[in-house]
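Chains A and B, in that order, are what the protein sequence lines are. Its first residue numbered 1, the first sequence is counted upward by one per residue in full-length UniProt numbering. Its first residue numbered 1, the second sequence is counted upward by one per residue in full-length UniProt numbering.
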Amino acid sequence: MADTGNPTGIGASVKRKEDFRFLTGQGTYTDDIKRPGQAYAYILRSPHAHAEIVKIDTARAKAMPGVVAIFTGADYDKGGVPCGWQIHSKDGSPMVEPPHFPLCKDRVRHVGDQVALVIGESLAQARDAAEAIAVTYKELPAIVSTADADKPGAAQVWPDAKNNTCFDWHLGDKAAVDAAFAKAHHVTKIDIVNQRLAPNAMEPRAAIGDYDRATGEYTLYTTSQNPHVIRLLMGAFVLQIPEHKLRVVAPDVGGGFGSKIFHYSEEALVTWAAAKVRRPVKWTSDRSEAFISDAQGRDHVSHAELALDKDGKFLALRVSTKANMGAYLSTFAPCVPTYLSATLLAGVYTTPAIYAEVKAVFTNTVAVDAYRGAGRPETTYLLERLVEKAARETGIDRVELRRKNFIPKDAFPYQTPVALQYDSGDYFSTLDIALKRADWAGFEARRAEAKKRGKLRGIGISTYIEACGIAPSAVVGSLGARAGLYECGSIRVHPTGSVTVFTGTHSHGQGHETTFAQLVSDTLGVPFDSVEVSHGDTNKIPFGMGTYGSRSLAVGGSALVKAMDKIIAKATRIAAHLMEASAADVEFKNGEFSVKGTDKKVPFGQVALTAYVPHNYPITELEPGLEETAFYDPLNFTYPGGCHICEVEIDPDTGVTQVAKFTAVDDIGRVINPMIVEGQVHGGVVQGIGQALLENCAYDNESGQLLTGSYMDYTMPRADDVPSIDVATHNTMCTHNPLGSKGVGEVGAIGSPPAVINAVLDALLPVGVKDITMPATPVKVWQAIQSAGSAKAAE
Amino acid sequence: MNNFGYHRPASVADAVKALGGSGDARIVAGGQTLLPTLRARLATPSDLVDLRAIAELKGIKAEGDGITIGAMTPHAEVAASDVVKGAIPALAYLADHIGDRQVRTLGTIGGSLANNDPAACYPSAVLALGATIRTSKREIKADDFFQGLFTTALEDGEIITAVHFPKPEKAAYEKFVQPASRFALVGVFVAKAREGVRVAVTGAGQEGVFRARELEQALSANFSPDAAKGVKVAAGNLISDLHGTAEYRAHLIPVLTARAVAAAK
C-alpha cells in the first residue's frame, strides 16, 4: 500500500470533497433540520452551583401563549444517563456512580444543571415561559476546587461519595518504585496543574426528538461524533427503546474535539418529550449555554517525582493526581485520568519502574470528560515539564537527557512498566529532524538578538508519545470499558462500478469523505469521483463506534480495508469465471483483473456489472451482488509520537508572550492525505498553544459561578496568536493494522503545550523565574518576573 | 429578545420627540452593545429609537482649529478619513483598532461615548484631546462628560449630535488588549497641545476613563518616554479582574504612556 503516484490516491493531497458544501453554506447541520410540526425546547438551568430545589411553580408559565408543555424532574419517569467506563479503587471497590437524571429531582449541583424543560410553538415563547417559572432554591455551599474537593470541610456533592471521592485508583509497581527512589542519585519533583478547558466546537450542540405514533419509531437527530453509541446508551439505558425502534442521525457536525462523544441528557429529553407531546421537539444550545452544559476538559492537579542515577538515566517515576469529574460522571470521564493518562507515563523513555495514583473527585462544576487528547496531553505536559526540570537541576543538556533515556529504535515491540506495548517508533530521528528544522543550534544567536531589542527569547522542546487507535475490545473491557471499541465498514459496489462506502466513524471536520474515498478509489482502482462516503445514520450504517481517540483511519480505515479484501476476493472469482481461468491465477491491479502470464483481462466495472446482471455467472458457487461488510477489532493501540519545538519571545515590560516559531515533527504511520494531516496538526497545535497561553475555564471558589462563561472572558486562540507552523512527518508504520496508520487527530494538542511552556520558562530563566502555570497569560508572566525580581533582591 | 416598539426618525428633533413619547425608550445607534444586551434579555426597553436614518448626524469635516465628527459616523469611516488622518492620525488609528471589522462598520462614535463602557477606546481620545460633545441641547466639555461607569452628563432625551476635536501638536493611542474580549485592558491616549499634555486612561479605572495627572505633569515638564516610565501610578482605584490585577494595570499605564509618547505624531 505504497504511494502510487495516483493524483487522487493514497499519499496525494487531494482537496477536500466536503469543502464545497461547507464553504457555500450548503451543509445540513442538526439545527438546519426542520421536521413537520416541530416544537421548540428551552431548558431552564440552575443559576446556582449547589442548591436544594424547594419548590417549582409552573402554573403561570403553563398559561403563557404558545406553551406546548412544561416538564420538571417530578414528571420525568425514565432512567438516568449512564457512565460508559467503570474504574475500581485500590481496595477493589467500584467507583461511586451517582444518578444523573435529565431533569433534577430535588437538588442542583452545578450552574447550568437542568431544572425544567419548556416546549413552545416558538423558541421565544418557550423562553418567555421559562422566565415565568418560579423556582424556590435553598442555596448550599459549593466546592469547585480540584485540589480541595477531598479535604475536610469541603461541601459534599453526593451523599454516597465520601470526601467527594469517586474513586482512588492506582497503577504500577509501588515497591519497585520506592526501591529505585531509595537508590537515586538525584530526585526531581514538580507540582503541575493542568487547567480546565472548554472545548468550544464551532457548532453548538443541538438535538431533535421525533416520534412516529403509527410505527412506534423514534428518531433522534443530534450533533454527535458517534450516533450508534448514542443509540446504545440512550435506547438501552435511559429510555428503554429497542434498537429497531430507534434511529439516531448525526448529520453534518461542526467540530467536536471530544465534546460530542458523550451521551447528553438533552438528547434523551427531546426524544422522551417528543412522544409525550406527539410532536418533534428541537433544542439548540447557544454559546452561553454551551459553556455551562458541554462536558469540559482536563482539570488535573498532580505531584510527580523522577529518580535519576548519576548518569542521568531515569530510574523510576511516581505520580499522584487528583482529577476533577465535575458534578456528574460523563460517558468516558473515569477513563481519561486513568487508562488514557497513567498508561502513558513511560513516554518515550526507558524508565523501568512507574507508579501512579489517581483520585477522582466530584465538584459543583460542569462534568469533565475527554477533550482532544484526553489524558495524553495531561501526561505529556507533566512528563515533559518534569524531564525539563530534571535537566536544569542536573546540569545535563535537556536534549541530551532526553536522548539518554529514549527507547532505542531496535527495542520495539517495547513493553512499558505501565501496561502498554509500543509497536514502533523512531524517537532519535524525529528529534533530529525537529532540531534541524527549528534551527536549535542557531537559537542562542536569536536570543542575543532579541535581548538587544529588550525581549526575552526562549526555546522549548517536547518529545512525546500517545496511545490512540482506540482500541482492542478485550483489553479495554478488562480495564472497565462497558463497550467494544472495534469499527465497522461496508463497501457497496454498484452495478456500474461506482462505490458507496459506509463507515461507522463520523466526520465532523476530519475530512473522511475525502480520505476514505482516496483509500477506496486507490485500492479498488475506481475513479475518486465514483466513490461516495456515507456516515452518521444508524439506519444506513450497519454499526459503528464513531470518531474519537484519533481512531477513524487506524480502526475505521482498517475495517474498510478488510471489507475491500472481501470485495476483491469475490470479484476475483467472478473475473476468473469471465476469463475461464482459475481464481488462483487471477491477479488484481490498478482496477483490472488479469490472468497471470496471459493478456486476458477484465476491468473492475465489468465484474461489478456481472455481479448484478449474472447472466454469465458462477451462480451455483457465488451469490450475485457485490457488497461486503467487515468489523475490525484492533490488536493493540497505535502509538503516534514525535517532537515539538516552540520558540517564544516575551516582552518583560508587559508580560506578553509571542509564539515566534513552532516546529512539529510527528510519526503518525501511513499518511493518506498529507494536506489533511497538516491541517489536523495545525488545529491541534493551535489548541495546544491555546491551553498553554490563553484558555482557562475559571470558577469562582465561593459562589461556584463560571467566571469565563463567554468569549468576553474565555480566550480562544485567534489567527494572530499563532505563527505559521512548520509541520513534517517521519513515519514508522504501525505493525498491527493493515494500513500501517497510527492516527493524527490529537498529536498537535498533545505534543505542543509542554513545548510552549518549556520555551516560556527558558525565556524567563535569565530573570530567575522557575515555574509558571498554564495559561501563561501576560499578567501571570509579569507577576512571575516581579516575584523573581523581589526574591533576587531579597537574597 | 423581548418585543419593543421601533422608531426610525429622520431628524434629531423627531428623535427627541420619539424618546419623550414612550415609557422606557432607548436610542440605538450602531447597536454593538445594545443588541447583544437585548438578545441576552439583560435590557427590556419599551421602544427603540434608531438614529441611522438621520443624515445630519453623519459625516466628518474640518472645522476651526480641528475636526468635527457626526455622532452616527461609524468607526471604519473615522479610520479611513483623510480629514482625520491629516489632523489627528492617532484618532484614526484608535478607530481602526476598535473591535473587529464588523464592529467598526456598524459601531458609532456617538454610541460609544453615550454608553461610556469603562473599557471602550473613544472616551480616552475625547478626554485626552479635550474634545467637546455637542448634543441636541448643548455643548459639553470632555472633562464634564464622563461621570463614572456607563454614566455620562447626558440627560434623559438628550442625543449626542457630534464631537468636535481640537487639533493637538501631537498625539498617540496605545492599547493593551484584554486577551479574550480584546477590549482595552489598559488604553492610554496621550495628547500634547498648546495648553499642555493630557493623558487619558481607559480600561483600568474603577470609575471608567480618567486623566492620569501625575503623568500629565511629568510629560508637561519633559515630553519623553523616560519621563513617563519614571512615574509610579497608584493601584488603589484601578480594576482587578481575571485578566489583570490593579497592580498590573498600574504598571502598564506608564509603560503604555511611554510607548505613546515615543509614537506620538
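For every residue, glycine included, the Cβ atom is placed at its ideal position computed from N, Cα and C. These figures come from a predicted structure and were not determined experimentally.
Closer than 8 angstroms to chain A by CB, residue i
i	result
Thr245 (chain B)	yes
Tyr6 (chain B)	no
Leu48 (chain B)	no
Tyr248 (chain B)	yes
Val201 (chain B)	no
Val261 (chain B)	no
Phe146 (chain B)	no
Leu242 (chain B)	yes
Val233 (chain B)	no
Val255 (chain B)	yes
Phe176 (chain B)	yes
8 angstroms Cβ cutoff, residue i in contact with chain B
i	result
Leu764 (chain A)	no
Thr365 (chain A)	no
Ala2 (chain A)	With a pLDDT of only 49 at Ala2 (chain A), under 50, the local geometry of the prediction cannot be trusted, and the value read off the model is given with reservation. False, the Cβ-Cβ gap to chain B never drops below 8 angstroms.
Trp782 (chain A)	yes
Val779 (chain A)	yes
Lys792 (chain A)	no
For residue j and residue i, believed in contact at Cβ under 8 angstroms, the rounded distance
i	j	result
Leu401 (chain A)	Gly458 (chain A)	Rounded, the Cβ-Cβ distance is 18 angstroms, inconsistent with contact.
Ser46 (chain A)	Val144 (chain A)	That pair is no contact at about 14 angstroms.
Val727 (chain A)	Ile689 (chain A)	About 14 angstroms; that fails the 8 angstroms criterion.
Phe637 (chain A)	Cys468 (chain A)	7 angstroms
His164 (chain B)	Val779 (chain A)	37 angstroms between Cβ atoms; not a contact.
Arg205 (chain A)	Ala290 (chain A)	7 angstroms
Asp252 (chain A)	Gly73 (chain A)	Not really, about 33 angstroms apart at Cβ, beyond 8 angstroms.
Gly480 (chain A)	Gln86 (chain A)	4 angstroms
Asp160 (chain A)	Pro98 (chain A)	7 angstroms
Reduced DSSP category for residue i - H, G, I as helix; E, B as strand; rest coil
i	result
Ala2 (chain A)	Residue placement at Ala2 (chain A) is flagged as unreliable, the pLDDT there being 49, under the threshold of 50; the coordinate-derived value follows with that caveat. Ala2 (chain A): coil per DSSP, three-state reduction.
Cys335 (chain A)	helix
Gln217 (chain B)	helix
Phe145 (chain B)	helix
Gly556 (chain A)	helix
Asn636 (chain A)	coil
Gly684 (chain A)	helix
Lys322 (chain A)	strand
Ala788 (chain A)	helix
residue 801 (chain A)	Here chain A has residues from 1 to 795 only, and residue 801 (chain A) is not among them.
Val157 (chain A)	coil
Val84 (chain B)	helix
Thr515 (chain A)	helix
Chain E residues whose Cβ lies nearer than 7 angstroms to that of residue i
i	result
Leu252 (chain B)	Structure shown: chain E not included; protein chains present are A and B.
Distance cut-off 7 angstroms: residue i Cβ against heavy atoms of the ligand HEM
i	result
Gly477 (chain A)	No copy of the ligand HEM appears in this structure; indeed no ligand is present at all.
Sufficient close CB pairs (3 or more, under 8 angstroms) joining the stretch 388-403 of chain A to the stretch 717-725 of chain A:
Note that the stretch 388-403 of chain A does not touch the stretch 717-725 of chain A; fewer than 3 beta-carbon pairs, one per stretch, sit closer than 8 angstroms.
I want to know whether the stretch 627-634 of chain A touches the stretch 556-568 of chain A - three or more CB-CB distances under 8 angstroms.
yes
Between the stretch 646-665 of chain A and the stretch 496-510 of chain A, can you find at least three pairs of beta-carbon atoms closer than 8 angstroms?
no
The stretch 342-350 of chain A touching the stretch 89-109 of chain A, judged by at least three CB pairs closer than 8 angstroms
Put simply, the stretch 342-350 of chain A does not touch the stretch 89-109 of chain A. Fewer than three CB pairs are less than 8 angstroms apart.
May I ask you to list, following chain order, the residues of the stretch 179-199 of chain B that have a beta carbon less than 7 angstroms from some beta carbon of chain A?
Pro179, Ala180, Ser181
Interface positions of the stretch 197-212 of chain A facing chain B (Cβ-Cβ less than 8 angstroms), listed along the chain
Cβ contacts with chain B come from no residue of the stretch 197-212 of chain A.
Could you say if the stretch 22-38 of chain B and the stretch 110-120 of chain B meet the contact criterion of at least three C-beta pairs nearer than 8 angstroms?
yes
Would you be able to state if there are at least three C-beta pairs under 8 angstroms between the stretch 353-373 of chain A and the stretch 269-284 of chain A?
Contact fails between the stretch 269-284 of chain A and the stretch 353-373 of chain A, because fewer than three Cβ pairs, one in each stretch, are under 8 angstroms apart.
Tell me whether the stretch 698-710 of chain A and the stretch 103-123 of chain A touch, counting them as touching only if at least three CB pairs, one residue from each stretch, are closer than 8 angstroms.
yes
The stretch 51-64 of chain A / the stretch 130-142 of chain A touching (three or more Cβ pairs under 8 angstroms):
yes
Do three or more CB pairs link the stretch 288-300 of chain A to the stretch 229-247 of chain A at distances below 8 angstroms?
no
At a Cβ cut of 8 angstroms, what residues of the stretch 701-729 of chain A count as close to chain B, listed as they run along the chain?
Leu707, Thr708, Tyr711, Met712, Asp713, Tyr714, Thr715, Met716
Members of the stretch 683-702 of chain A that neighbour chain B once the beta carbon cut-off is set at 7 angstroms
Leu694, Ala698
So, do the stretch 232-251 of chain B and the stretch 205-213 of chain B have three or more beta carbon pairs nearer to each other than 8 angstroms?
A contact exists between the stretch 232-251 of chain B and the stretch 205-213 of chain B.
With a threshold of 8 angstroms, are at least 3 pairs of Cβ atoms found where one atom belongs to the stretch 93-103 of chain B and the other to the stretch 44-62 of chain B?
no
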